[in-house]
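**Student:** For the sequence shown, our numbering begins at 5 and goes up steadily by one.
A virtual CB, placed ideally from N, CA and C, is assigned to each residue, including glycine.
Keep in mind that this is a model prediction, so the values were computed, not measured.
Take a look at this one; I'll ask things after.
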Amino acid sequence: MWMWSLLERGVELSRRCIPGSVLGAIGILYLIVGLGGEAAASGEKVLPHSFWPGVVQPFDMRDVRLLPSPFLTAREADAHYLLSLDPDRLLYNFRVNAGLPHPGRPLGGWEAPDCEVRGHFVGHYLSACSLLYRATGDEAFRQRVDYLVAELAKCQKALGGEYLSAFPTSFFDRLEAGKPVWAPYYTIHKIMAGLVDAYTLCGNKQALRIAERMAAYFKQRTDRLAPWQMDRVLQVEFGGMPAVLYRLYTLTHNPNDLVLAHRFDQASFLGPLALHHDDLTGIHANTHIPKILGAARRYELFRDPTYRSIVSYFWNLVTQTRSYATGGSNAGEFWGPPDRLANTLVANNQETCTTYNMLKVTRTLFTWTADEKYADFYERALYNGILEAQDPQTGMMIYYTPLAAGNAKQWGTPTHSFWCCYGTGVESFAKLNDSIYFHSSDGLYVNLFIPSELDWQQKGLRLIQETDFPESDTTKLLFRVRRPTRLTLTLRVPAWTTADYRVWVDGKPLMFAVKPGSYLPIERLWRDGDTVEVKMPMTLHTVSMPDDKNMVAFMVGPIVLAGIITPEVRETYLLDEHGLPLTAGYIPINNLAAPAMLQPVAGQPLVYKSIGTDPAITFIPLYRVIHQAYGVYWRLIDKASPQYARFKAALAERAQREALVVDRVQPGDINSEQAHHVQAHDSNTGVFNGGQWRDATGSFSWQLKVLPHQPMVLTCMYWGDEGGERVFDILVDGQKLATQTLLHNHPGAFFEVDYPIPFDLTRGKQGITVTFQAHPNAIAGGVFRCEIRRQVSPSQSVLRER
Numbered sequence: 005m006w007m008w009s010l011l012e013r014g015v016e017l018s019r020r021c022i023p024g025s026v027l028g029a030i031g032i033l034y035l036i037v038g039l040g041g042e043a044a045a046s047g048e049k050v051l052p053h054s055f056w057p058g059v060v061q062p063f064d065m066r067d068v069r070l071l072p073s074p075f076l077t078a079r080e081a082d083a084h085y086l087l088s089l090d091p092d093r094l095l096y097n098f099r100v101n102a103g104l105p106h107p108g109r110p111l112g113g114w115e116a117p118d119c120e121v122r123g124h125f126v127g128h129y130l131s132a133c134s135l136l137y138r139a140t141g142d143e144a145f146r147q148r149v150d151y152l153v154a155e156l157a158k159c160q161k162a163l164g165g166e167y168l169s170a171f172p173t174s175f176f177d178r179l180e181a182g183k184p185v186w187a188p189y190y191t192i193h194k195i196m197a198g199l200v201d202a203y204t205l206c207g208n209k210q211a212l213r214i215a216e217r218m219a220a221y222f223k224q225r226t227d228r229l230a231p232w233q234m235d236r237v238l239q240v241e242f243g244g245m246p247a248v249l250y251r252l253y254t255l256t257h258n259p260n261d262l263v264l265a266h267r268f269d270q271a272s273f274l275g276p277l278a279l280h281h282d283d284l285t286g287i288h289a290n291t292h293i294p295k296i297l298g299a300a301r302r303y304e305l306f307r308d309p310t311y312r313s314i315v316s317y318f319w320n321l322v323t324q325t326r327s328y329a330t331g332g333s334n335a336g337e338f339w340g341p342p343d344r345l346a347n348t349l350v351a352n353n354q355e356t357c358t359t360y361n362m363l364k365v366t367r368t369l370f371t372w373t374a375d376e377k378y379a380d381f382y383e384r385a386l387y388n389g390i391l392e393a394q395d396p397q398t399g400m401m402i403y404y405t406p407l408a409a410g411n412a413k414q415w416g417t418p419t420h421s422f423w424c425c426y427g428t429g430v431e432s433f434a435k436l437n438d439s440i441y442f443h444s445s446d447g448l449y450v451n452l453f454i455p456s457e458l459d460w461q462q463k464g465l466r467l468i469q470e471t472d473f474p475e476s477d478t479t480k481l482l483f484r485v486r487r488p489t490r491l492t493l494t495l496r497v498p499a500w501t502t503a504d505y506r507v508w509v510d511g512k513p514l515m516f517a518v519k520p521g522s523y524l525p526i527e528r529l530w531r532d533g534d535t536v537e538v539k540m541p542m543t544l545h546t547v548s549m550p551d552d553k554n555m556v557a558f559m560v561g562p563i564v565l566a567g568i569i570t571p572e573v574r575e576t577y578l579l580d581e582h583g584l585p586l587t588a589g590y591i592p593i594n595n596l597a598a599p600a601m602l603q604p605v606a607g608q609p610l611v612y613k614s615i616g617t618d619p620a621i622t623f624i625p626l627y628r629v630i631h632q633a634y635g636v637y638w639r640l641i642d643k644a645s646p647q648y649a650r651f652k653a654a655l656a657e658r659a660q661r662e663a664l665v666v667d668r669v670q671p672g673d674i675n676s677e678q679a680h681h682v683q684a685h686d687s688n689t690g691v692f693n694g695g696q697w698r699d700a701t702g703s704f705s706w707q708l709k710v711l712p713h714q715p716m717v718l719t720c721m722y723w724g725d726e727g728g729e730r731v732f733d734i735l736v737d738g739q740k741l742a743t744q745t746l747l748h749n750h751p752g753a754f755f756e757v758d759y760p761i762p763f764d765l766t767r768g769k770q771g772i773t774v775t776f777q778a779h780p781n782a783i784a785g786g787v788f789r790c791e792i793r794r795q796v797s798p799s800q801s802v803l804r805e806r
């Protein structure tokens, strides 16, 4: 009966949501992804395998201790930040929702009382504190967990004993009715995951009971939904609901948890992946990665090869066709077509959440396969997507890692951010010791070169790793054993190293054939005091965009280098002939042997300077960039090429244009705008694609200098891909100069418009007020630059595209 139910479900979804031409395929896809959970729903006995450990397993976090390094510094900053937060402020919205006394005051940002995902960070907080307790044994974190769990239990009881959230159940009414609501199941996943972590890492049994009751509530709630209604619910981001529910099932063995988990296995997304069809283009990245983690947990329970195939195929699609040199992916949180990355550099690349979740997928695949390629990617993304996302002085984090040249990282605040990436961030920095070492029954894998100490109690073995990596290309392993122990030490030979990779055991060189991108097993009887020293040369190299070989990022080993963009570098290499910002700066070189153009700076590890450029560009690791503007990708120009001749000509043209400028204001720059007496009503500012902007649903104005005896022209720069209602008037001293509409005028490029100013409006004046006034129900701007220039010759409005 349940198989027939699946066919009906596929047909019903096809009829309501999917073009008829794929009706049969959808039914089959539901069969592919539908077996275990639906069988349980019909009352049939389900006997999944116990949790499958794979080829290798990670060590318990309490067995790995970080030693002084940037990773320990990052974890300590994270710990300090977590303990600085007031638990009663974290609980404020839960208590309000439960009708309980709510001392203190609410937090801001995504935890404000009017934010629809309020409460999500509390789940992350529980997870992060649980991870830190497991990693450090510090009772302060367990006490935080115990307090929060006890208070959440009171909220759950006040709400009837099952439902728990910081927002009312009406959010789910809206979701099920197809009305707008911001991802309520996403928040429920975070809370449940935090509770499960509190149980598994801190031993808090009350946390497990709360999670069980929450699952019971949502099981009953989803029971009453028709299949097509549930599929409509799944169109709204639901986080890692299947992953946490499969995990809960392994703890409770309650078949209802398995049924509920299966309901969140979204066949419309997983089905095409099962057939090795790339369905990632145009979708929101971090909405979908947690669904893959659910598929991974399902595979580990049932060993259905379809789900293993889904996970590995998805990983290949993201890492091989949509990831940057950093290991991060997406622009504006969305994935584009495969291998089309050169035109995707923006201020909001590489959402940190996606890196966090891709590392989870990668770690899972490594445990299944012990394949070095997963360890290689993990290392790259850890340094260039996680470590770089925290200010180690303050513990604050970023939402995005800008990849468009000229941007700086935008750091959050302690109590008024709480973005999704704050939540995953506090978890990431709490578990930096969880993937350094792995083990099989008789083998020890060294995956990451991070100063640390491993205590493998079952083997009576301690391993101490001493290294300055990546500032040094060596690491040393010291064995401490109670008695001679035979095991295989498996050393990672990174894909980024060279044939000069070397190993010494107790000072004696080991003879072997070097194969970068593999593992080197050393099987022997290990004695107390044995040492292993490894040298893994790191070369400076470039990684090109898949669709533009001359647009490159510079790397040393797994470390991405960022070029620091000073005002001089910006003016010389980051603007086109019209002064429009470029997403990748130009670097002239004598030939296409790109790495030769960077020279290491003596006494400063991993610091390089460009040679043959004036001014020189300093390159440092992306993870060391805190407040500087920078560029990751650079477009190389051979000095002997026609392109370089055009580049030089463009510089000359820009110099000529610059000579005509009388005054200029930079929107969004506080100093520039104040100097031009900014007035703004219902207006916003921001940064995009290396440029700062201002727009308004009301109006904004600046006072700009003019010459009293010569005609002037007003020049404004806009982004050519603006959509929506952006219609506005431009006024000079209250008189309308022009009406401008922005609607995909120049897709993918900045452009300028010249507005000649009638001489009567400037004659005899030293300055004018330029106002941008939005039309009703429309937006004025965004304006990325505004300047007054001498008018060389009368003309109509002129467009100039980058």
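What does DSSP give as the partner residue(s) for residue 546 in the beta ladder?
**Tutor:** In DSSP, residue 546 forms a bridge with 558.
**Student:** By DSSP, does residue 784 sit in helix, in strand, or in coil?
**Tutor:** Looking at residue 784 - three-state DSSP - the assignment turns out to be strand.
**Student:** Mapping DSSP to helix, strand and coil, what is residue 756?
**Tutor:** In the structure shown, residue 756 sits in a strand (DSSP, three-state: E or B).
**Student:** Specify, as a first and last residue, the run of the beta strand (DSSP E) that residue 697 falls within.
**Tutor:** Residues 695-709.
**Student:** Extract the residue ranges of the alpha helix (DSSP H) inside the region 606-686, only unbroken runs of 4 or more that lie entirely within it.
**Tutor:** Complete alpha helix (DSSP H) runs here, min 4: 646-662 and 674-679.
**Student:** Beta carbon of residue 400, beta carbon of residue 428: below 9 angstroms?
**Tutor:** Result no, Cβ atoms of residue 400 and residue 428 do not sit closer than 9 angstroms.
**Student:** How is the alpha helix (DSSP H) around residue 768 delimited, first residue to last?
**Tutor:** Neither: residue 768 is in no alpha helix (DSSP H) and is coded neither H nor E.
**Student:** Output the boundary residues of the alpha helix (DSSP H) element that contains residue 298.
**Tutor:** Residues 289-306.
**Student:** May I ask you to report which of helix, strand or coil DSSP gives residue 159?
**Tutor:** Residue 159: helix per DSSP, three-state reduction.
**Student:** Near residue 220, which residues of its chain fall below 8 angstroms by C-beta distance, leaving aside the five closest residues on each side in sequence?
**Tutor:** Excluding residues within five positions, the ones whose Cβ falls inside 8 angstroms are 166 and 260.
**Student:** Report the residue ranges of all beta strand (DSSP E) runs contained in full by the region 436-508; include only those spanning at least 3 residues, in chain order.
**Tutor:** Runs found: 441-443, 447-450, 456-460, 465-471, 478-485 and 489-497.
**Student:** Apart from the five residues on each side of it in sequence, which residues of its chain come closer than 6 angstroms, Cβ to Cβ, to residue 782?
**Tutor:** Closer than 6 angstroms at Cβ, skipping near neighbours: 729 and 731.
**Student:** Is it right to say residue 280 is buried, meaning 16 or more other beta carbons lie within 10 angstroms of its own, or is it exposed?
**Tutor:** With fewer than 16 Cβ atoms within 10 Å of its Cβ, residue 280 is classed as exposed.
**Student:** Which residues in the same chain as residue 393 place their Cβ atom closer than 6 angstroms to its Cβ, once the five residues preceding and following it in sequence are excluded?
**Tutor:** 356, 401 and 402.
**Student:** Kindly indicate which residue of 748, 705 and 755 has the alpha-carbon position closest to the one of residue 738.
**Tutor:** Checked all of 748, 705 and 755; the closest Cα to residue 738 is 705.
**Student:** From the DSSP output, in three-state form, read off residue 38 for me.
**Tutor:** The predicted position of residue 38 is uncertain, since its pLDDT is 48 and thus under 50; a value taken from the coordinates is nonetheless stated next. Of the three classes helix, strand and coil, the one that applies to residue 38 here is coil, per DSSP.
**Student:** Which term fits residue 795, buried or exposed, when burial requires 16 or more other beta carbons within 10 angstroms of its beta carbon?
**Tutor:** So residue 795 ends up on the buried side.
**Student:** Within the chosen definition, does the region 478-485 reach the region 87-102 through at least 3 CB pairs nearer than 8 angstroms?
**Tutor:** No, because fewer than three Cβ pairs between the region 478-485 and the region 87-102 fall closer than 8 angstroms, the two stretches do not touch.
**Student:** Can you tell me whether DSSP reads residue 789 as helix, strand or coil?
**Tutor:** Strand, per DSSP.
**Student:** Exposed or buried, what is residue 665 when buried is set at 16 or more other beta-carbons lying within 10 Å of its beta-carbon?
**Tutor:** Looking at its Cβ environment, which holds fewer than 16 other Cβ atoms inside 10 Å, residue 665 is exposed.
**Student:** Counting pairs of Cβ atoms below 8 angstroms between the region 325-336 and the region 368-379, do you hit three or more?
**Tutor:** Judged by Cβ distances under 8 angstroms, the region 325-336 makes no contact with the region 368-379, as fewer than three pairs qualify.
**Student:** Measure the C-alpha to C-alpha separation of residue 335 and residue 349 and round it to an integer number of angstroms.
**Tutor:** Distance between the alpha carbons of residue 335 and residue 349 is about 7 angstroms.
**Student:** With DSSP collapsed to three states, give me the class of residue 69.
**Tutor:** Three-state result, residue 69: strand.
**Student:** Which same chain residues, not among the five before or five after residue 109, have their C-beta less than 8 angstroms away from its C-beta?
**Tutor:** 93 and 96, listed in sequence order.
**Student:** For residue 569 versus residue 635, is the C-beta spacing smaller than 9 angstroms?
**Tutor:** It is a contact, given that the beta carbons lie within the stated cut-off.
**Student:** Assess contact between the region 769-782 and the region 634-652, defined as three or more Cβ pairs (one per stretch) separated by less than 8 angstroms. Is contact present?
**Tutor:** The region 769-782 is not in contact with the region 634-652.
**Student:** Taking the alpha-carbon positions, what's the residue 66 to residue 191 distance?
**Tutor:** Distance between the alpha carbons of residue 66 and residue 191: 28 angstroms.
**Student:** Do residue 161 and the ligand PLP come close, with the Cβ less than 8 angstroms from some heavy atom?
**Tutor:** With respect to the ligand PLP, the structure offers nothing, as it holds no ligand at all.
**Student:** By the DSSP assignment, the beta strand (DSSP E) with residue 736 in it spans what residues?
**Tutor:** Residues 731-736.
**Student:** Report the residue from 543, 751 and 698 whose alpha carbon sits nearest the alpha carbon of residue 727.
**Tutor:** Checking every option, the nearest Cα to that of residue 727 belongs to 751.
**Student:** Where does residue 327 sit, in a helix, a strand or coil, going by DSSP?
**Tutor:** Looking at residue 327 - three-state DSSP - the assignment turns out to be strand.
**Student:** For the alpha helix (DSSP H) containing residue 425, list its first residue and its last residue.
**Tutor:** First-last of the alpha helix (DSSP H) with residue 425: 424-432.
**Student:** Following the continuous alpha helix (DSSP H) through residue 337, name the residue where it begins and the one where it ends.
**Tutor:** Premise fails: residue 337 is in no alpha helix (DSSP H) and is neither H nor E.
**Student:** Determine which residues share a DSSP beta bridge with residue 401 and list them.
**Tutor:** Beta-bridge pairing links residue 401 to 394.
**Student:** Does the distance from the CB of residue 201 to the CB of residue 130 come in under 9 angstroms?
**Tutor:** Taking 9 angstroms as the Cβ cut-off, residue 201 and residue 130 qualify as a contacting pair.
**Student:** For residue 185, which residues from the same chain have a beta carbon less than 6 angstroms from its beta carbon, with the 5 sequence-adjacent residues on both sides left out?
**Tutor:** Contacts found: 175, 178 and 179.
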